[in-house]
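Residue numbers (the numbering used here): 11 to 358. Working notes, beginning with the structure itself.
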Amino acid sequence: MKDILSMTLPELQNAVQELHEPKYRGAQIYHWLHVRKVTDFAQMTDLSSALRTKLESEFCIKRLFIARRLASCMDDTVKYLYRLPDGQHVETVLMHYQHGWRLCISTQVGCKMGCQFCASTIAGYVRNLSASEMLLQIDETERDAGVTVSGLVLMGIGEPLDNFDNVIRFLDLLSDQKGRTMSLRHVTLSTCGIVPKIKELAERCSGLTLAVSLHHPENSGRNQIMPVNRKYPLPELMEACQYYFARTGRRVTYEYAVMEGENDSMEDARKLAALLKHQQAHVNLIPVNAVKERNFHADRQAAQRFMQYLEQCGIHATVRRTLGSDIQAACGQLRHEAGCVESMKREE
Ligand code: SAH
């Protein structure tokens, strides 16, 4: 059955015409799905029951189910482990910020990028999420928490630019003026650095903030912790980021997980400043979240020193607040620790 929540308005209009219905029915259904956010065809009360029955036999409205919900005792962060229709799991994190609620969503089940410090990649890649499965992380969380999400970050499990078509479809549905109307200015997409897709994104989406997971200022060190760097080394990545800024006018954010003894010396700070010297950049320093299987440690003081040095060089830098550190809010940790990865393997 077709996944109706992933369909654009023109696709829906074509689909209803194929069912010998007038085109405007497509807009009615789209409104029910993306503005009223109903979960059942029976709720589409301005359609005849004959049409609703026909729709039910052709299409499905997907749902996600809460497998676990962890609320932080330290702040307002809530972490959801969602079960997808096929039994796989992904994580979504709801965070409270000065300006409202921000949601961190996943874009894939697992990840193939192999970053050394990241829990999402330990058990490898399973599949891409559909556009509807990304939208549903927002809808189900809003329903459960009784909040309206005003900002989004694509920083959960997965590499968004490795699921490019579905992510673009998701962003188109999210920002559609006839539907959900979220401005892409409130959305940040984080990538480990898939160069050709960064360029394509610059052509396709306006307003979106690009965040690049940098984590090391030199090829040799970055190759060790981020295998993607062997395919798309730093000079190419920097060139793509400059292209993104030139094309969109949006300043690129660089994420830098500070790892003791790995990338946190003053020499590293100097190299990072030199790398970003000619750019409109914002550096987000993240004391690395310890992952059980990996031997990386955070040093908050090193992160502070790093920040001060970058600021002295005229590079805008912040140390990320740690939210939800008591509830395994780091990338991929909950899915991993809840044993979803093991059960997935057993089922295979
Ligand atoms: N694949 C994308 C988005 C998902 S990861 C990317 O690589 O950007 C979201 C961010 O969390 C990335 O910057 C990633 O490098 C970072 N991250 C992953 N594991 C981390 C950890 N253990 N501690 C701190 N940051 C981590």
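Backbone N, C-alpha and C define an ideal beta-carbon position, used for all residues, glycine too. A quick note: this is a predicted structure, and the numbers were derived from the prediction, not measured.
- With 16 or more other Cβ atoms from the protein chains shown falling within 10 Å of its own Cβ, residue 265 counts as buried.
- For residue 169, the number of other beta carbons within 10 angstroms of its own is at least 16, and it is reported as buried.
- Taking 6 angstroms as the cut-off, the C-beta of residue 267 counts as close to a heavy atom of the ligand SAH.
- Where residue 251 is concerned, the enclosing alpha helix (DSSP H) starts and stops at 244-258.
- Contact between residue 228 and residue 281 holds, with the beta-carbon distance rounding to 6 angstroms and staying under 8 angstroms.
- Fewer than three pairs of CB atoms, one per stretch, sit closer than 8 angstroms, so the region 299-307 makes no contact with the region 244-260.
- As the crow flies, the alpha-carbon of residue 60 is around 33 angstroms from that of residue 92.
- Spatial neighbours of residue 75 in its own chain (CB-CB distance under 6 angstroms, excluding positions within 5 residues in sequence) are listed in chain order as 93.
- Judged by the Cβ position, residue 202 qualifies as a neighbour of the ligand SAH at the 6 angstroms threshold, a heavy atom of the ligand being closer than this.
- Exclusion of residue 142 from the 6 angstroms shell around the ligand SAH follows from its C-beta lying no nearer than that to any non-hydrogen atom of the ligand.
- In the DSSP annotation of this structure, the continuous segment of the beta strand (DSSP E) that includes residue 80 starts and ends at 75-81.
- Spanning the alpha carbons of residue 39 and residue 307 requires a straight line of approximately 50 angstroms.
- The C-alpha of residue 152 lies about 17 angstroms from the C-alpha of residue 164.
- Annotation for residue 114 indicates a beta carbon at 6 angstroms or more from all heavy atoms of the ligand SAH.
- Non-local beta-carbon contacts of residue 195 in its own chain, meaning distances under 7 angstroms to residues more than five positions away in sequence, involve 217 in chain order.
- By the criterion of a C-beta distance shorter than 8 angstroms, residue 18 is surrounded in its chain by 179, 182, 183 and 186, once the five residues flanking it on both sides are discounted.
- With contacts defined by Cβ atoms closer than 7 angstroms, residue 136 and residue 120 form a contacting pair.
- Per DSSP, the unbroken beta strand (DSSP E) holding residue 103 starts and ends at 99-107.
- The criterion of a C-beta distance shorter than 7 angstroms is not satisfied by residue 112 and residue 189.
- Considering only 200, 277 and 177, the residue with the shortest C-alpha distance to residue 231 is 277.
- Across the set 263, 226, 279 and 248, the C-alpha of 226 shows the shortest separation from the C-alpha of residue 125.
- With fewer than 16 other beta carbons inside 10 angstroms of its own, residue 213 counts as exposed.
- The region 79-87 makes no contact with the region 127-136; the number of CB pairs closer than 8 angstroms stays below 3.
- Around residue 110, the same chain offers 160 and 161 as residues with beta carbons nearer than 7 angstroms, after the five sequence neighbours per side are excluded.
- The ligand SAH approaches residue 296 closely enough that one of its heavy atoms is under 6 angstroms from the residue's Cβ.
- Every beta strand (DSSP E) stretch that sits fully inside the region 149-210 and reaches 3 residues is listed by chain position as 159-164 and 197-201.
- Residue state for residue 69 is assigned as strand, using DSSP reduced to three classes.
- Between the beta-carbon of residue 237 and that of residue 123 there is about 7 angstroms, and that keeps the pair under the 8 angstroms contact cut.
- With the rule of 3 Cβ pairs closer than 8 angstroms, the region 138-149 does not count as touching the region 281-292.
- Residue environment for residue 272: buried (at least 16 other C-beta atoms within 10 angstroms of its C-beta).
- Residue 127 has its Cβ nearer than 6 angstroms to a heavy atom of the ligand SAH.
- Taking C-beta atoms as the reference points, residue 235 and residue 166 fail to come closer than 7 angstroms.
- Remark: the shortest separation between the CB of residue 169 and any heavy atom of the ligand SAH falls under 6 angstroms.
- Between residue 311 and residue 329 the beta-carbon gap is near 10 angstroms, outside 8 angstroms, which marks them as no contact.
- If you ignore the 5 residues before and after residue 62, its C-beta comes within less than 8 angstroms of the C-beta of 51, 52 and 54, all in its own chain and listed in chain order.
- Look at residue 165: its beta carbon is less than 6 angstroms from one of the heavy atoms in the ligand SAH.
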